[in-house]
């Protein structure tokens with residue numbers, strides 16, 4: 007069938023080149039190519055390389071073709087066209103006599119035949135009306151839509167459309183506000199056709215594919231062109247009614263968010279403007295391009311001062327206002343029960359503060375650079391002639407050098423200072439040799455000035471002679487100073503060895519004495535007799551080491567005395583003390599005497615602490631005897647209350663009276679608690695922290711006592727609330743007993759609460775049918791064994807419904823259900839609300855049952871402001887069936903209800 011149709015196409019176009027057909031096919035192709043951001047100008051030329059032909063097929067089919075060849079040679083073009091023709095053939099269309107070579111050669115007949123084949127396959131073939139399809143289905147659709155209009159009789163796709171009323175009737179039937187049909191006249195076809203073409207292009211996004219003059223001036227308009235254009239109306243209007251209904255639903259939901267969204271947009275704009283200003287300003291502040299003149303640098307400094315005075319202060323105010331707006335917006339969102347606003351990446355208040363910090367850092371660096379550059383130019387302005395520059399540098403270097411070489415500083419220097427002076431002198435000798443070239447250059451420049459008859463030659467010669475004389479004197483003084491330094495170094499090395507030995511032995515001995523003093527004065531904290539006995543033993547061991555320590559002290563003092571003898575014998579002028587240590591003999595003797603005084607004091611402190619620990623042990627035993635009685639008594643009472651709350655019999659009023667009597671008996675035990683508190687106070691005053699005679703602390707007893715009082719009070723209150731619930735909800739005593747019996751049956755651990763799996767089983771036992779309801783909140787259940795048990799019993803227990811119930815009875819997500827929450831739930835009714843699923847279903851109607859929606863569909867079906875609202879916030883759709891510009895309405899719908907990020 008497709009092959010016969012293709013041969014007819016070729017015969018039709020081989021007869022003549024239909025200008026109307028070329029215009030129509032070109033416009034139809036561009037209506038799809040513009041979705042990919044391109045178009046064609048000449049249909050016989052622009053498809054020759056196959057690139058735009060492959061792009062056209064990808065747009066209209068929503069599928070990806072093979073990767074095209076990018077070369078310019080004929081073989082590349084033929085390859086691309088063959089890929090396109092193979093794709094058409096894969097859709098069930100047989101192309102007869104249409105080859106890639108004819109398309110590449112620009113054969114208009116074959117090109118138009120190929121385009122008509124594409125139009126038939128992708129725009130007309132899928133049209134279906136009452137079991138008719140393609141051309142017949144499209145004709146039946148036109149007849150049905152135009153039946154109510156006078157002077158319109160659609161019987162074919164050529165002469166039935168010449169007067170233009172058929173096009174106007176199709177538009178008026180679906181969009182009556184666009185055309186005043188009553189004013190149209192059958193005898194004015196040009197006006198009718200132009201009106202329909204202009205309205206379709208402006209309001210329906212249908213490009214102008216036909217020319218009114220061509221249709222009117224032809225006895226039989228081109229059937230293919232008319233069919234192509236009319237199919238665009240079919241696709242534009244199909245599903246319009248249900249799309250309008252869906253649009254109304256979406257408008258209602260979107261209106262809720264628009265006010266807060268405007269505030270978000272204002273924040274984003276203000277943040278973007280401020281960040282943009284910072285981004286523009288920082289490069290200016292980081293620009294370090296130097297200027298060659300002082301005037302230019304002064305102008306830069308003035309521009310910076312203008313920035314500080316005029317440009318920056320308004321931005322400081324904007325930054326403050328931005329933070330205020332952010333806090334106000336979050337408050338409004340919280341009050342309207344909407345998700346908190348999360349600015350786009352890089353626009354958080356913290357991001358702006360970081361950017362502002364970078365601005366101020368750049369500002370500080372720029373100011374410092376400006377001042378440094380000004381100082382640099384000032385220095386350059388003072389540089390003068392070459393001779394004066396070199397002479398001044400040399401004179402500056404030699405200034406003070408003679409006095410330095412004549413110093414006697416080595417006479418009072420230490421060994422390390424002497425070595426440093428020698429290294430410094432060696433460096434000076436190297437520096438002196440390096441300056442030899444400079445002196446020779448100065449002499450050469452002076453000679454050149456004399457040869458050029460310089461006007462100030464006498465002063466230059468005098469200055470040069472002074473530099474040369476001074477240079478010879480520096481050499482002699484340098485050699486003399488080296489000899490003196492080397493002689494002094496040898497003498498001080500001997501003393502340094504003695505100093506080093508003294509330091510090596512004095513330091514550890516001094517550390518030992520300081521550690522001993524610290525230990526002897528340390529305030530010890532013990533809690534048992536065993537601990538104080540351990541301290542006494544360690545102290546006795548320390549006293550045994552004192553004789554050896556005194557021998558070491560005498561040896562260290564002997565080294566110091568030997569140094570003193572050398573200094574007196576060789577008349578060494580010592581500039582300071584031992585360089586290796588600050589510990590003096592006087593200090594060693596003082597600390598040794600202090601250690602000897604601290605030993606008896608430590609003996610006395612240890613004896614006193616031993617007596618105190620004996621008294622503390624008596625207090626521990628007294629407290630432990632009482633606590634070991636009271637603690638188990640409290641635990642027993644707690645267990646009895648648990649059994650009473652589970653095994654309640656009789657009416658609720660009888661249960662309440664019995665519990666109040668039990669509460670009174672517990673309160674009468676209070677004097678024994680008070681007595682134990684008195685013993686605990688004595689223990690605290692004695693600073694006793696551990697008690698091996700009992701596992702109970704006073705805090706355990708207090709907490710247990712408070713829990714006991716709280717448990718009996720809570721149990722009484724639970725019964726009182728059950729009475730209130732029973733009376734308020736009209737629950738009979740039998741129902742209440744049934745609820746209690748079911749609750750107790752599944753409370754297997756007798757804790758007074760039900761876990762999720764126990765609560766679920768309890769609901770089923772009471773006949774509560776929990777199914778999977780898509781309009782209720784979602785949740786989860788993690789007990790697979792229990793689920794298998796329920797299924798074996800024939801129960802239908804949906805996870806979503808059970809999670810919704812758990813969110814009601816356990817709003818704090820503690821994982822347990824109290825009996826009171828259980829009773830409240832059994833008397834509560836639920837109500838359905840709009841959900842994200844309903845909004846997604848509405849969007850799917852607008853999208854023609856696709857998994858995505860396009861910008862054109864949103865603008866066609868929604869009011870302008872809400873259409874743009876959706877376009878700005880919908881993420882791109884990335885599914886396998888995506889087309890260019892496809893938007894993801896599913897993630898957008900869930901974001902409206904705070905179930906994901908918008």
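Residue numbers (this note's numbering): 7 to 908.
Positions of the beta carbon are idealized from the N, C-alpha and C atoms, including for glycine.
Please read these numbers as outputs of a predicted model, since none were measured by experiment.
*Less than 7 Å between the CB of residue 598 and some heavy atom of the ligand FMN, yes or no?*
You won't find the ligand FMN in this model; it holds no ligand whatsoever.
*What residues match up with residue 882 in a beta bridge as DSSP calls it?*
Translated into positions along the chain shown, residue 882 becomes position 876. DSSP lists 893 as partners of residue 882.
_Given this structure, state the Cα-to-Cα distance separating residue 615 from residue 548, to the nearest angstrom._
Sequence index remark: in the chain shown, residue 615 carries index 609 (1-based). Sequence index remark: in the chain shown, residue 548 carries index 542 (1-based). In this structure, the alpha-carbon of residue 615 lies about 19 Å from that of residue 548.
*Please report how far the alpha carbon of residue 898 lies from the alpha carbon of residue 871, in whole angstroms.*
One-based indexing of the chain shown puts residue 898 at position 892. One-based indexing of the chain shown puts residue 871 at position 865. Going by the C-alpha atoms only, they are around 17 Å apart.
*Under the three-state reduction of DSSP, which class applies to residue 473: helix, strand or coil?*
On the chain shown, position 467 is the one that residue 473 refers to. Note: residue 473 maps to helix in three-state DSSP.
*Taking the CB atoms as reference points, tell me whether residue 124 and residue 94 lie closer together than 8 Å.*
For this step, residue 124 is matched to residue 118 along the chain shown. For this step, residue 94 is matched to residue 88 along the chain shown. A contact, by the Cβ cut-off of 8 Å.
*How long is the line joining the alpha carbons of residue 128 and residue 107, rounded to whole angstroms?*
Locating residue 128 in the chain shown gives position 122, counting from the first residue. Locating residue 107 in the chain shown gives position 101, counting from the first residue. The alpha-carbon atoms of residue 128 and residue 107 are separated by roughly 24 Å.
*Inspect the beta-carbon positions of residue 54 and residue 112 and report whether they are closer than 8 Å.*
One-based indexing of the chain shown puts residue 54 at position 48. One-based indexing of the chain shown puts residue 112 at position 106. Yes. Within cutoff.
*residue 507 versus residue 491: straight-line alpha-carbon distance, rounded*: Reading the chain shown from its first residue, position 501 is the one you call residue 507. Reading the chain shown from its first residue, position 485 is the one you call residue 491. Straight-line Cα distance between these residues: approximately 25 Å.
*Check whether the Cβ atoms of residue 971 and residue 32 sit closer than 8 Å, and answer yes or no.*
Given a span of 7 to 908 for the chain in the structure shown, any question on residue 971 remains unanswerable.
_Taking the straight line between their C-alpha atoms, what separation do you get for residue 710 and residue 646?_
Here the question's residue 710 lines up with position 704 in the chain shown. Here the question's residue 646 lines up with position 640 in the chain shown. In this structure, the alpha-carbon of residue 710 lies about 14 Å from that of residue 646.
*asked:* Here's the rule I'm using: 16 or more other beta-carbon atoms within 10 Å means buried, otherwise exposed. How should residue 130 be labelled?
replied: Numbered from its first residue, the chain shown carries residue 130 at position 124. The residue is buried, with at least 16 neighbouring Cβ atoms inside 10 Å.
*Measure the Cβ-Cβ separation of residue 306 and residue 365 and say whether it is below 8 Å.*
The residue you call residue 306 lines up with position 300 of the chain shown. The residue you call residue 365 lines up with position 359 of the chain shown. No. Outside cutoff.
*Which same chain residues, not among the five before or five after residue 43, have their C-beta less than 7 Å away from its C-beta?*
As a working note, residue 43 is residue 37 in the chain shown. When the five nearest sequence neighbours on each side are left out, no beta carbon in the same chain lies closer than 7 Å to the beta carbon of residue 43.
*Pairwise C-alpha distance: residue 900 and residue 843*: Within the chain shown, numbered from 1, the residue matching residue 843 stands at position 837. Within the chain shown, numbered from 1, the residue matching residue 900 stands at position 894. One C-alpha to the other measures close to 8 Å.
_CA-to-CA distance, residue 227 to residue 17, given in whole angstroms_ = Residue numbering aside, residue 17 sits at position 11 when the chain shown is read from its first letter. Residue numbering aside, residue 227 sits at position 221 when the chain shown is read from its first letter. Reliability fails at residue 17, whose pLDDT of 47 lies under 50, so the model's placement of it is uncertain and no value is given.
*Please determine, among 313, 629, 891, 76, the residue with the shortest C-alpha to C-alpha distance to residue 688.*
Position 682 of the chain shown, counted from the first residue, corresponds to residue 688. The candidate whose alpha carbon is nearest that of residue 688 is 629.
_To the nearest angstrom, how far is the alpha carbon of residue 509 from that of residue 587?_
Here residue 509 refers to the residue found at position 503 of the chain shown. Here residue 587 refers to the residue found at position 581 of the chain shown. So the alpha carbons of these two residues sit roughly 6 Å apart.
*Would you identify the three-state DSSP class for residue 859, choosing helix, strand or coil?*
In the chain shown, residue 859 corresponds to position 853, counting from 1. For residue 859, the secondary structure class from DSSP, reduced to helix, strand or coil, is strand.
*With C-beta atoms as the reference, is residue 71 less than 8 Å away from residue 89?*
Sequence index remark: in the chain shown, residue 71 carries index 65 (1-based). Sequence index remark: in the chain shown, residue 89 carries index 83 (1-based). Yes, Cβ-Cβ distance for residue 71 and residue 89 is below 8 Å.
*Which runs of the alpha helix (DSSP H) spanning at least 4 residues fall entirely within the segment 544 to 572, listed in chain order?*
none
*Ranges of the alpha helix (DSSP H) found wholly within the segment 187 to 270, counting only runs of at least 4*: 195 to 209, 218 to 222, 229 to 243
*With burial defined as no fewer than 16 other Cβ atoms inside 10 Å of the residue's Cβ, what is the status of residue 122: buried or exposed?*
Here the question's residue 122 lines up with position 116 in the chain shown. The residue in question, residue 122, is buried, as its Cβ has 16 or more Cβ neighbours within 10 Å.
_8 Å contact criterion, which residue 83 and residue 102 should meet: CB distance rounded_ = Looking up residue 83 in the chain shown gives position 77. Looking up residue 102 in the chain shown gives position 96. About 22 Å separates the two Cβ atoms, so there is no contact after all.
_Could you compute how far the alpha carbon of residue 162 sits from the alpha carbon of residue 35?_
Residue mapping note: residue 162 aligns to position 156 of the chain shown, counting from 1. Residue mapping note: residue 35 aligns to position 29 of the chain shown, counting from 1. So the two alpha carbons sit approximately 24 Å from each other.
_residue 337 versus residue 815: straight-line alpha-carbon distance, rounded_ = In the chain shown, counting from the first residue as 1, residue 337 sits at position 331. In the chain shown, counting from the first residue as 1, residue 815 sits at position 809. Cα-Cα distance, rounded: 29 Å.
*Sequence-distant residues of the same chain with beta carbon closer than 7 Å to residue 369, five excluded per side*: Residue mapping note: residue 369 aligns to position 363 of the chain shown, counting from 1. If we look at residue 369 and ignore the five residues flanking it on each side, its Cβ neighbours are 291.
*Over the uninterrupted alpha helix (DSSP H) stretch that includes residue 585, give me the two end residues.*
Counting from 1 along the chain shown, the entry for residue 585 is found at position 579. For residue 585, no alpha helix (DSSP H) run applies, since DSSP gives it neither H nor E.
_Does residue 99 come out as helix, strand or coil in the three-state DSSP assignment?_
One-based indexing of the chain shown puts residue 99 at position 93. Of the three classes helix, strand and coil, the one that applies to residue 99 here is coil, per DSSP.
*Helix, strand or coil for residue 404, going by three-state DSSP, please let me know.*
Here residue 404 refers to the residue found at position 398 of the chain shown. Reduced to three states, the DSSP call for residue 404 is helix.
*Using the Cα positions of residue 838 and residue 830, report the straight-line distance between them to the nearest angstrom.*
In the chain shown, the residue the question calls residue 838 occupies position 832. In the chain shown, the residue the question calls residue 830 occupies position 824. Confidence in residue 838 is poor, its pLDDT being 42 and thus under 50, which makes the residue's placement unreliable; the coordinate value appears in the next sentence. Computed Cα separation, rounded: 19 Å.
*Could you tell me the distance, in whole angstroms, from the CA atom of residue 728 to the CA atom of residue 334?*
In the chain shown, counting from the first residue as 1, residue 728 sits at position 722. In the chain shown, counting from the first residue as 1, residue 334 sits at position 328. Computed Cα separation, rounded: 44 Å.
*Given that a residue counts as buried once 16 or more other Cβ atoms are within 10 Å of its Cβ, and exposed if not, what is residue 178?*
Your numbering for residue 178 matches position 172 in the chain shown. Of the residues assessed, residue 178 falls on the buried side of the cut-off, its CB having 16 or more other CB atoms within 10 angstroms.
*Boundaries of the alpha helix (DSSP H) in which residue 668 is found, first to last residue*: For the purposes of this step, residue 668 is taken as the residue at position 662 of the chain shown. Residue 668: member of the alpha helix (DSSP H) spanning 658 to 673, first to last residue.
*State the start and end residues of the unbroken alpha helix (DSSP H) segment that holds residue 300.*
Here residue 300 corresponds to residue number 294 of the chain shown, with the count starting at 1. Element bounds for residue 300: 300 to 312.
*Alpha-carbon to alpha-carbon, residue 745 and residue 857*: Walking along the chain shown from the start, residue 857 turns up at place 851. Walking along the chain shown from the start, residue 745 turns up at place 739. Each residue's Cα considered, the two are about 48 Å apart.
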